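Q: In the numbering used here, the protein residues as written are 21 to 395.
Glycine residues also receive a C-beta, built at the ideal position from the N, C-alpha and C atoms.
None of the values given here were measured: they were computed from a predicted structure.
Next up is a structure, given as structure tokens.
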Ligand SMILES: *Cc1c(COP(=O)(O)O)cnc(C)c1O
């Protein structure tokens with residue numbers, strides 16, 4: 021492709037949305053999209069309900085109250101914050117801002133798929149760096165960076181693998197790349213992880229002005245339906261994003277709910293604690309079953325089956341009993357299933373069905389999985 025070519029949309033695979041609406045009987049537990057099964061804070065629901073009295077008004081296009089609340093909570097400059105319709109919109113805008121046809125966008129392999137889809141959308145080349153046991157490798161990321169690289173994306177913790185890059189490694193990576201190369205640290209799951217060696221990036225922004233931190237209200241805050249996220253970046257990047265975004269890109273009810281959600285730290289802690297307890301319980305259960313998995317920093321666990329056929333069987337076995345998980349063919353991981361950590365009842369049901377699957381009782385149930393449009 022020459023520098024002038026417009027990207028061909030036929031080259032951009034569509035995002036696999038709407039799997040849960042694709043039929044196959046009732047879903048009892050939807051563990052396919054990393055939603056917060058505990059839901060949002062009651063304060064957020066209250067603020068959302070209150071916002072219904074002004075649905076006729078345009079929202080605050082400068083998101084000023086929310087930006088101030090975010091700045092206060094994380095000790096940031098509100099002039100360095102941009103809000104978007106989900107972190108997804110910001111990934112789209114950042115890619116448009118930095119990359120054009122012929123450019124390269126670097127990220128670890130098995131990264132959140134929107135990094136590569138957005139690179140393709142602008143005609144840039146997605147470059148996936150090798151991982152080591154699913155963990156991002158600083159050396160292979162550095163080896164992938166060329167003079168054509170326009171942005172580096174890293175989700176930490178990453179979806180679908182759950183791995184994260186430790187603070188020392190993030191700092192080392194940043195110290196080795198061009199000071200003007202945008203490095204986007206996607207912390208959609210940052211609130212779930214509380215390991216001392218984890219960095220959400222805010223402790224590195226003074227040292228590295230090219231570091232951009234992305235956050236979402238869809239995950240621990242449980243507001244996925246409202247489409248709201250934000251990023252922290254240098255003033256010049258913020259200015260670029262402000263020019264690219266739509267004037268009213270975040271709805272009024274979304275801003276109101278996010279503001280309230282941010283304040284309900286007790287709810288956030290409750291969800292984080294629930295997630296940690298169940299992560300460890302599910303991990304122990306997987307070990308008992310002999311099911312491999314990647315320990316996760318998020319609200320999901322990627323399980324690794326011996327082969328794609330077994331993963332396919334397990335998926336359909338779970339699906340037939342009302343538990344929906346996420347197949348990972350589009351991540352080139354057909355032998356893996358990503359399982360969101362749900363409510364007590366969801367997780368107990370999931371483990372019970374998986375145990376049954378591995379103990380061979382599957383032969384008593386529906387043995388032939390239906391063909392799916394994903395395989
Ligand atoms: C879910 C997710 C997002 C997108 O979140 P939205 O705010 O709902 O757009 C971004 N990055 C990662 C890694 C995610 O898993």
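Got a sec, what are the start and stop residues for the alpha helix (DSSP H) residue 164 sits in?
A: Run containing residue 164: 158 to 164, per the alpha helix (DSSP H) assignment.
Q: Are the CB atoms of residue 177 and residue 151 nearer to each other than 8 angstroms?
A: The answer is no: Cβ separation not under 8 angstroms.
Q: Please identify the residue among 75, 269, 114 and 373 whose C-alpha is closest to the C-alpha of residue 173.
A: For residue 173, the nearest C-alpha among the options comes from 114.
Q: Considering only the alpha carbon of each residue, which of 272, 265 and 231 lies closest to residue 253?
A: If we check each option's Cα against that of residue 253, 231 comes out closest.
Q: So, at 7 angstroms on beta carbons, what are the nonlocal neighbours of residue 32 in its own chain, with the 5 sequence-adjacent residues on each side left out?
A: Same-chain partners within the cutoff: 137, 140 and 141.
Q: Please go through the segment 128 to 215 and give each complete alpha helix (DSSP H) segment of 4 or more residues, from N-terminal end onward.
A: Counting only runs of 4 or more, we get 134 to 141, 158 to 164 and 187 to 196.
Q: Return the first residue and the last residue of the alpha helix (DSSP H) that residue 90 is part of.
A: That run of the alpha helix (DSSP H) goes 84 to 94.
Q: Cα separation between residue 76 and residue 354?
A: Spanning the two alpha carbons is a distance of roughly 46 angstroms.
Q: Determine the direct distance from the alpha carbon of residue 314 to that of residue 389, and round the result to whole angstroms.
A: Low local confidence applies: a pLDDT of 41 at residue 389 is under 50, so the model's placement there is unreliable, with the coordinate-based value given in what follows. Distance between the alpha carbons of residue 389 and residue 314 is about 26 angstroms.
Q: So if I measure from each beta-carbon to every heavy atom of ligand 1 and keep distances below 5 angstroms, which residues remain?
A: Cβ-based neighbours of ligand 1 within the cut-off: 106, 107, 108, 132, 175, 179, 206, 208, 236, 238 and 249.
Q: Looking at the structure shown, is residue 385 part of a helix, part of a strand, or coil, going by DSSP?
A: Low local confidence applies: a pLDDT of 44 at residue 385 is under 50, so the model's placement there is unreliable, with the coordinate-based value given in what follows. Residue 385 falls in the coil class under three-state DSSP.
Q: Drop a sphere of 10 angstroms on the beta-carbon of residue 290, count the other beta-carbons inside from all chains shown, and report buried for 16 or more, exposed for fewer.
A: By the neighbour-count rule (16 or more Cβ atoms within 10 Å), residue 290 is not buried but exposed.
Q: Just mark residue 238 as buried or exposed, buried being the case when its beta carbon has 16 or more other beta carbons within 10 Å.
A: Counting Cβ neighbours within 10 Å, residue 238 comes out buried, since at least 16 surround it.
Q: With a Cβ-Cβ cutoff of 8 angstroms, do residue 302 and residue 371 count as a contact?
A: Closer than 8 angstroms, so yes.
Q: Can you list, in chain order, the residues of its chain whose CB lies under 6 angstroms from that of residue 144, leaving out five sequence neighbours each side?
A: So the qualifying residues of the chain are 119, 123 and 125.
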